[in-house]
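Chemist: According to my numbering, the sequence shown is numbered sequentially starting from 166. Note that CB positions come from ideal geometry on N, CA and C, so glycine has one too.
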Amino acid sequence: MTTFFDSQAARLHIETLFGTADAVVNIRTTPESEACVARVFGHSKSPSDKQQHRFKFNGRYDQLSSALRSRNVNGWAVFITPNDTDGKGVKKANIRRARNVVLDLDGAPLPPRGFRIPPHIVVETSRGKYQCTWCIEPTTDIGAAEDISRRLALRYHGDPKVCDASHVFRLAGFLHQKPGRKPFSSRILHLGFEPPVKLSRFDFLPQMPEQSRRSSQGGIGVVDAKAAALLFRHYPIEALNSNEAWLTFAMALHAACDGHGEVARLFFDFCLSDPTYCNDYDDACNQARWESFDSNRANGLTAGTLRKLCRDHGVPGDVIFRIFNDASKDFENV
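#1: Can you find at least 3 beta carbon pairs, one from the stretch 240 to 256 and one from the stretch 313 to 333, that sit closer than 8 Å?
#2: Please name the residue in Ile260, His178, Ala309 whose C-alpha comes closest to that of isoleucine 353.
#3: Give the secondary structure of leucine 336 by DSSP, where H, G and I count as helix, E and B as strand, and everything else as coil.
#4: When you compare only the Cα positions, how much space is there between serine 172 and alanine 415?
#5: With distance defined between alpha-carbon atoms, name the residue in Thr194, Phe339, Val388, Asn265 nearest to threonine 181.
#6: Just the C-alpha distance for aspartate 477 and phenylalanine 397, rounded to the nearest angstrom, thanks.
#7: Using 10 angstroms around the beta-carbon of lysine 257, count the other beta-carbons present and answer buried if the total reaches 16, otherwise exposed.
#8: Taking DSSP's pairing of strands, which residues face threonine 250 in a bridge?
#9: Could you check what DSSP says for asparagine 265 in three-state terms: helix, strand or coil?
#10: Mark glycine 293 as exposed unless 16 or more other C-beta atoms lie within 10 angstroms of its C-beta, in which case mark it buried.
#11: Quick check on the DSSP output: the beta strand (DSSP E) that includes cysteine 422 runs from which residue to which?
#12: Between the C-alpha atoms of alanine 337 and glycine 479, what's the straight-line distance to the nearest angstrom?
#13: My output table needs one value for phenylalanine 349: the three-state DSSP class, helix, strand or coil.
#14: Of the residues Gly224, Thr467, Ala242, Arg278, which one's Cα is nearest the Cα of lysine 253?
#15: Since tyrosine 321 contacts leucine 356 with CB under 8 Å, what's their CB separation in whole angstroms?
#16: Between which two residues does the beta strand (DSSP E) carrying tyrosine 295 extend?
#17: Please list, in chain order, all residues of the same chain as phenylalanine 170 whose beta carbon is under 8 Å from its beta carbon, the five residues on each side excluded.
#18: When the Cβ atoms of the stretch 299 to 317 are set against those of the stretch 189 to 207, are three or more pairs found closer than 8 Å?
#19: Between the beta-carbon of isoleucine 192 and the beta-carbon of valine 243, is there less than 8 Å?
#20: Would alanine 222 pass as a contact of leucine 229 if the rule is Cβ separation under 8 Å?
#21: Taking the alpha-carbon positions, what's the arginine 262 to phenylalanine 433 distance?
#22: Pull up the DSSP beta-bridge partners for alanine 242, would you.
#23: Express the C-alpha separation of proline 284 and isoleucine 301 in angstroms, rounding to a whole number.
#24: Could you tell me the alpha carbon to alpha carbon distance between aspartate 251 and alanine 309, rounded to whole angstroms?
#25: Quick check: cysteine 145 and valine 428, are their CB atoms within less than 8 Å of each other?
#26: Taking the alpha helix (DSSP H) that glycine 482 falls in, what are its first and last residues?
#27: Should glycine 482 be labelled buried (16 or more other beta-carbon atoms within 10 Å of its own) or exposed?
#28: Spatial neighbours of lysine 210 within its chain, please: CB distance less than 6 Å, with the 5 preceding and 5 following residues excluded, ordered by chain position.
#29: Pick out whichever of Arg430, Asp227, Arg204, Pro401 has its Cα sitting closest to the Cα of valine 189.
#30: Would you identify the three-state DSSP class for glycine 224, choosing helix, strand or coil?
#31: Just curious, the beta strand (DSSP E) that isoleucine 286 is in, first and last residue?
#32: Kindly indicate the opening and closing residues of the alpha helix (DSSP H) around glycine 426.
#33: Taking only the alpha-carbon atoms, compute the straight-line gap between arginine 278 and leucine 270 and give it to the nearest angstrom.
#34: Considering only the alpha carbon of each residue, which of Ser291, Ala203, Phe489 lies closest to alanine 392?
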């Protein structure tokens, strides 16, 4: 097996994201190669066994590099959080400042004429797949930075579902080892040395279209991030314990929010509050399932389905009304 490891690339990536290679960073590792997944999870899938295989690292790269290299050589993927956290976690609530916006070109080519604003770093994460990152002037307006990420995805045909400020991205210099592919060392294709960009310089990007609220589409897009946060405060997490229950809820939610990235992140944070769902492998698998959903072909599961699930599981009526507003009356297709 290929064991190529480029520590200098990892340091340059971190230095670009945070201004210094000695920054305290948040790293996540998760089983990736076929052999690693079989080794880690093949013998047991009990909640207690899953718990011990969650690996999150916080510290300076030089302190973490040996452990990260060892995990990567043994089939684990290595990801980095590109924004500042409170040091207590890497969920959306833990993000304190946005300092980078990332465009994930997951299969789309780099623009042949280049970018209007050149990114500060371009990482090829596997053959023909790219992460383009712009360093921005650090801001506590997390929503504004996420909006720029979504608009970059719209303009350059990137993945609109990985624009959340807490999303993790592959760290350069480590192997990408998804099953069915030849291991690929994520590498830096471009480094820029311009100062961080003001968000206002991205005003040329197209605005995101308003999400549809048309009843003819079965209620697609009626639940936004604010409504989803309210939903997750009142919905019983134990109601998602079975695979069938999780899948029904997830597909109905996906249809109700039209696959909105911020709602997705809130949902997976909610899932992680369940002690039986506490593993990065589960999280990665279910995020892949979420991204495979098609809001226009949701097998009859709609915002109306989600509203019915809320009623069936004891969510108070006034809360249901606030989540769906009176528009939910139009979406009783369950």
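Modeler: In short, the structure shows the following:
#1: yes
#2: His178
#3: coil
#4: 39 Å
#5: Asn265
#6: 15 Å
#7: buried
#8: Ile260
#9: strand
#10: exposed
#11: Counting along the chain, cysteine 422 falls outside any beta strand (DSSP E), though it belongs to the alpha helix (DSSP H) covering 408 to 422.
#12: 46 Å
#13: strand
#14: Gly224
#15: About 19 Å; that fails the 8 Å criterion.
#16: 294 to 304
#17: Arg234, Asn237, Val238, Gly338, Phe339, Leu340, Ser350
#18: no
#19: yes
#20: Here residue 222 turns out to be phenylalanine, not alanine, going by the sequence shown. Yes.
#21: 21 Å
#22: Thr195
#23: 10 Å
#24: 19 Å
#25: Residue 145 is absent from the model: the chain starts at 166 and stops at 499.
#26: 482 to 489
#27: exposed
#28: Because lysine 210 sits at a pLDDT of 49, beneath the cut-off of 50, its placement in the model cannot be relied upon, and the following sentence gives the value as read from the coordinates. For lysine 210, where only same-chain residues beyond five positions count, there are no Cβ hits under 6 Å.
#29: Asp227
#30: strand
#31: 286 to 291
#32: 426 to 436
#33: 15 Å
#34: Phe489
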